[in-house]
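Data first, discussion second: the structure below is written as structure tokens.
Number of protein chains: 2
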Amino acid sequence: MRVPKHIGVIPDGNRRWAVNKGLNKEQGYDEGLEPGLQLYKLCKEKGIEEITYYGFTMDNTKRPSSQTKAFTEACINAVKLLSQEDASLLVLGNSDSPLFPDELLPYTKRTQFGKGTVKINFLVNYGWHWDISNLIESKEALKSNYFGGLKSKDISRIDLVIRWGGRRRLSGLLPVQAVYADFYVVEDYWPDFKSQHFYDALEWYQQQDITLGG
Amino acid sequence: MRVPKHIGVIPDGNRRWAVNKGLNKEQGYDEGLEPGLQLYKLCKEKGIEEITYYGFTMDNTKRPSSQTKAFTEACINAVKLLSQEDASLLVLGNSDSPLFPDELLPYTKRTQFGKGTVKINFLVNYGWHWDISNLIESKEALKSNYFGGLKSKDISRIDLVIRWGGRRRLSGLLPVQAVYADFYVVEDYWPDFKSQHFYDALEWYQQQDITLGG
Chain E
0 MRVPKHIGVI PDGNRRWAVN KGLNKEQGYD EGLEPGLQLY KLCKEKGIEE
50 ITYYGFTMDN TKRPSSQTKA FTEACINAVK LLSQEDASLL VLGNSDSPLF
100 PDELLPYTKR TQFGKGTVKI NFLVNYGWHW DISNLIESKE ALKSNYFGGL
150 KSKDISRIDL VIRWGGRRRL SGLLPVQAVY ADFYVVEDYW PDFKSQHFYD
200 ALEWYQQQDI TLGG
Chain Z
0 MRVPKHIGVI PDGNRRWAVN KGLNKEQGYD EGLEPGLQLY KLCKEKGIEE
50 ITYYGFTMDN TKRPSSQTKA FTEACINAVK LLSQEDASLL VLGNSDSPLF
100 PDELLPYTKR TQFGKGTVKI NFLVNYGWHW DISNLIESKE ALKSNYFGGL
150 KSKDISRIDL VIRWGGRRRL SGLLPVQAVY ADFYVVEDYW PDFKSQHFYD
200 ALEWYQQQDI TLGG
């Protein structure tokens with residue numbers, strides 16, 4: 000089975016899930032923790048080398064503060080859960096801002112946990128504009144398709160983006176790494192994660208030709 | 000009806016269409032001219048202000064020369080067809096390269112044709128890396144979500160990308176403008192374009208919430 004090296008995960012639909020259950024919107028985020036851990040385990044089992052979780056963005060922090068507080072808390076807890084696994088973990092985002100949680104500052108340098116098997120990038124207070132706003136042209140950059148000055152330069156090209164919650168858009172996820180990514184959408188909300196979603200995405204990915212824009 | 004202001008068009012599947020008809024791959028490109036003109040007319044009718052056609056990319060020119068020659072020719076003819084309509088037309092791409100056709104050099108400055116009703120961007124020998132490789136950080140850029148140094152800075156944010164031919168990826172289309180774009184995929188190949196594809200995409204787009212990453 001040809002598996003992607005690097006999966007980008009957009010765990011969307013937490014608020015809609017909560018509203019459907021008669022809860023407040025911000026009560027949906029905690030339900031995303033267990034799915035995140037399950038997905039990590041499935042990826043590890045399949046030999047997927049790298050996962051990027053789209054935690055929250057600078058755009059997201061324009062939401063009501065009860066929501067911002069809740070999704071920030073959920074991200075802190077998710078990173079803590081993942082740091083108990085075999086992972087080479089980096090939390091990346093605008094950490095100069097007060098909206099970046101202090102609890103995650105220790106993770107802003109890539110650190111090996113356990114055997115460090117899976118490279119995990121967890122985006123927290125990430126902004127696409129922040130990421131690419133200071134690119135530096137160089138001959139090296141042209142060769143490598145990479146850039147000096149890209150704040151996410153430690154994150155590889157994404158092969159497959161899986162988005163839960165039915166929306167069909169990238170919402171600013173790593174514009175440089177996602178240029179050639181295949182994009183798979185799961186209609187179910189993220190808190191309703193099932194292993195089958197992941198297997199279906201891999202099955203679909205296998206049928207795609209990989210041309211890297213060629 | 001809420002229509003997108005700016006549609007990005009990825010007219011894919013010309014080669015697969017040709018192979019299915021028992022033709023050589025490069026014979027599919029000419030069949031894309033009429034669909035491109037039809038789509039322009041539909042957009043104009045619906046009051047869509049801006050269209051970006053994904054002509055060909057620097058990546059595409061790695062293909063066999065018979066194909067490169069054929070899709071270059073098709074793009075030249077498509078631009079000529081569109082210049083007979085009411086359009087404010089710009090051809091954008093790496094025109095310093097010998098792979099950029101001389102015939103299209105006059106169109107590399109935006110020019111009004113007829114009443115100039117629809118803003119048309121036609122990407123020719125475009126490269127995402129070429130586009131964003133020399134961004135310049137500035138306070139103005141941060142405010143506007145735009146960048147000095149972006150080679151496509153005359154092209155607006157894309158609301159809706161429609162891709163023909165079943166693939167679910169951007170293939171390097173305008174990474175900055177596409178960050179929040181909704182992404183609609185038509186299974187049929189581009190030469191099999193039908194008005195209904197366009198109407199279905201607009202219908203689907205109406206059901207999407209527009210959050211711009213918020």
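Residue numbers (numbering that gives the first Met the number 0), protein chains in the order written: chain E, 0 to 213; chain Z, 0 to 213. Here a beta-carbon is modelled for each residue, glycine too, at the ideal position from N, C-alpha and C.
Checklist entry - Taking C-alpha atoms, which residue in Z:W129, Z:R168, Z:N120, Z:G213 lies nearest to S155 (chain Z)? => result The sequence position of residue 155 (chain Z) within the second sequence is 156, counting from 1. Residue Z:N120 is the option with its Cα nearest to S155 (chain Z).
Checklist entry - Under a Cβ-count criterion, where at least 16 other Cβ atoms within 10 Å of its own Cβ denotes burial, should L22 (chain E) be classed as buried or exposed? => result Within the first sequence, numbered from 1, the residue matching residue 22 (chain E) stands at position 23. When all chains shown are included, L22 (chain E) counts as exposed.
Checklist entry - Would D101 (chain Z) be called buried (16 or more neighbouring beta carbons within 10 Å of its own) or exposed? => result Indexing the second sequence from 1 puts residue 101 (chain Z) at position 102. Classification of D101 (chain Z): exposed, given that the 10 Å Cβ count is below 16.
Next on the checklist: For the ligand MG, I want to know if Q195 (chain E) counts as a neighbour, meaning its beta carbon is within less than 6 angstroms of at least one of the ligand's heavy atoms.
Outcome noted: No copy of the ligand MG occurs in the structure displayed, which carries no ligand at all.
Item to check | Bridge-paired residues (DSSP) for F146 (chain Z) | outcome: Within the second sequence, residue 146 (chain Z) is the residue found at index 147, counting from 1. None, per the DSSP bridge assignment.
Checklist entry - Which of the three DSSP states, helix, strand or coil, is assigned to P174 (chain Z)? => result One-based indexing of the second sequence puts residue 174 (chain Z) at position 175. Coil, per DSSP.
Item to check | 7 angstroms Cβ cut-off: residues of chain Z touching A73 (chain E) | outcome: As a position in the first sequence, residue 73 (chain E) is number 74, starting the count at 1. Residues of chain Z passing the Cβ test: none, with the nearest at roughly 18 angstroms.
Item to check | 7 angstroms Cβ cut-off: residues of chain Z touching K108 (chain E) | outcome: Your numbering for residue 108 (chain E) matches position 109 in the first sequence. The contacting residues do not exist; K108 (chain E) stays about 24 angstroms from chain Z at best.
Item to check | Three-state secondary structure assigned by DSSP to N23 (chain E) | outcome: The sequence position of residue 23 (chain E) within the first sequence is 24, counting from 1. In this structure, N23 (chain E) counts as coil in the three-state DSSP scheme.
Checklist entry - Does the distance from the C-beta atom of T67 (chain E) to that of T60 (chain E) stay below 7 angstroms? => result Translated into positions along the first sequence, residue 67 (chain E) becomes position 68. Translated into positions along the first sequence, residue 60 (chain E) becomes position 61. Against a cut-off of 7 angstroms, the Cβ pair of T60 (chain E) and T67 (chain E) comes out as a contact.
Next on the checklist: For a test of the three-state rule: what should DSSP assign to N133 (chain Z), helix, strand or coil?
Outcome noted: Along the second sequence, read from residue 1 onward, the residue named residue 133 (chain Z) stands at position 134. DSSP places N133 (chain Z) in coil when its eight states are reduced to three.
Next on the checklist: Once the 5 residues before and after V117 (chain Z) are set aside, which same chain residues still bring their CB inside 8 angstroms of it?
Outcome noted: Here residue 117 (chain Z) corresponds to residue number 118 of the second sequence, with the count starting at 1. Hits under 8 angstroms: Y39, C42, K43, I47, E48, E49, I50, E84, D85, A86, S87.
Item to check | Boundaries (first-last residue) of the alpha helix (DSSP H) holding Q195 (chain Z) | outcome: In the second sequence, the residue the question calls residue 195 (chain Z) occupies position 196. Per DSSP, Q195 (chain Z) belongs to the alpha helix (DSSP H) from 194-205.
Checklist entry - Around the C-beta of G147 (chain E), are 16 or more other C-beta atoms found within 10 angstroms, so that it is buried, or is it exposed? => result Within the first sequence, residue 147 (chain E) is the residue found at index 148, counting from 1. Looking at its Cβ environment, which holds fewer than 16 other Cβ atoms inside 10 Å, G147 (chain E) is exposed.
Checklist entry - By the criterion of Cβ-Cβ separation under 7 angstroms, what are the contact partners of S170 (chain E) in chain Z? => result As a first step, residue 170 (chain E) is located in the first sequence; it is residue number 171 there, counting from the start. Residues of chain Z passing the Cβ test: Y179, G212.
Item to check | Buried versus exposed, by CB contacts within 10 Å (16 or more), Q176 (chain Z) | outcome: Position 177 of the second sequence, counted from the first residue, corresponds to residue 176 (chain Z). Buried is the call here.
Checklist entry - Any idea which residues DSSP pairs H160 (chain Z) with across the strands? => result Here residue 160 (chain Z) refers to the residue found at position 161 of the second sequence. Checking the displayed sequence, the identity of residue 160 (chain Z) turns out to be Val instead of His. Note: V160 (chain Z) sits in a beta bridge opposite Z:G7, Z:F182.
Item to check | K61 (chain Z): contacting residues in chain E (beta-carbon distance under 8 angstroms) | outcome: In the second sequence, residue 61 (chain Z) corresponds to position 62, counting from 1. By Cβ distance, chain E contributes G213.
Checklist entry - With DSSP run on the structure shown, which of helix, strand or coil describes Q66 (chain Z)? => result Numbered from 1 along the second sequence, position 67 holds the residue referred to as residue 66 (chain Z). Reduced to three states, the DSSP call for Q66 (chain Z) is helix.
Checklist entry - Just the Cα atoms here: how many angstroms apart are V78 (chain Z) and L103 (chain Z)? => result Walking along the second sequence from the start, residue 78 (chain Z) turns up at place 79. Walking along the second sequence from the start, residue 103 (chain Z) turns up at place 104. Approximately 8 angstroms, taken between the alpha carbons.
Checklist entry - Between which two residues does the beta strand (DSSP E) harbouring L212 (chain Z) extend? => result Residue 212 (chain Z) sits at position 213 when you count from the first residue of the second sequence. Per the sequence shown, residue 212 (chain Z) should be read as Gly rather than Leu. No beta strand (DSSP E) contains G212 (chain Z), which DSSP labels as neither H nor E.
Item to check | Start-to-end residues for the beta strand (DSSP E) that takes in E102 (chain E) | outcome: Here the question's residue 102 (chain E) lines up with position 103 in the first sequence. Note, E102 (chain E): premise wrong, no beta strand (DSSP E); not H, not E.
Checklist entry - Is it true that the CB of N133 (chain E) sits closer than 7 angstroms to the CB of S96 (chain E)? => result Taking the first sequence and counting its residues from 1, one reaches residue 96 (chain E) at position 97. Taking the first sequence and counting its residues from 1, one reaches residue 133 (chain E) at position 134. Their beta carbons are not under 7 angstroms apart, which means S96 (chain E) does not touch N133 (chain E) by this criterion.
Next on the checklist: Distance check for F182 (chain E) and P10 (chain E), CA to CA, integer angstroms please.
Outcome noted: Locating residue 10 (chain E) in the first sequence gives position 11, counting from the first residue. Locating residue 182 (chain E) in the first sequence gives position 183, counting from the first residue. Roughly 13 angstroms between the two C-alpha positions.
Checklist entry - If you draw a straight line from the C-alpha of T107 (chain E) to the C-alpha of V185 (chain Z), how long is it? => result Walking along the first sequence from the start, residue 107 (chain E) turns up at place 108. Walking along the second sequence from the start, residue 185 (chain Z) turns up at place 186. When rounded, the distance between both Cα atoms is 41 angstroms.
Checklist entry - Within this structure, are the beta carbons of L173 (chain Z) and I6 (chain Z) separated by less than 7 angstroms? => result Counted from its first residue, the second sequence places residue 173 (chain Z) at position 174. Counted from its first residue, the second sequence places residue 6 (chain Z) at position 7. In this structure, I6 (chain Z) does not lie closer than 7 angstroms to L173 (chain Z) by Cβ.
Checklist entry - Does any CB atom of chain Z fall closer than 7 angstroms to the CB of W127 (chain E)? => result Counting from 1 along the first sequence, the entry for residue 127 (chain E) is found at position 128. Taking Cβ atoms only, chain Z reaches closer than 7 angstroms to W127 (chain E), which makes this a yes.
Checklist entry - Run through DSSP, which three-state label would I75 (chain Z) get? => result As a position in the second sequence, residue 75 (chain Z) is number 76, starting the count at 1. Correct three-state label for I75 (chain Z): helix.
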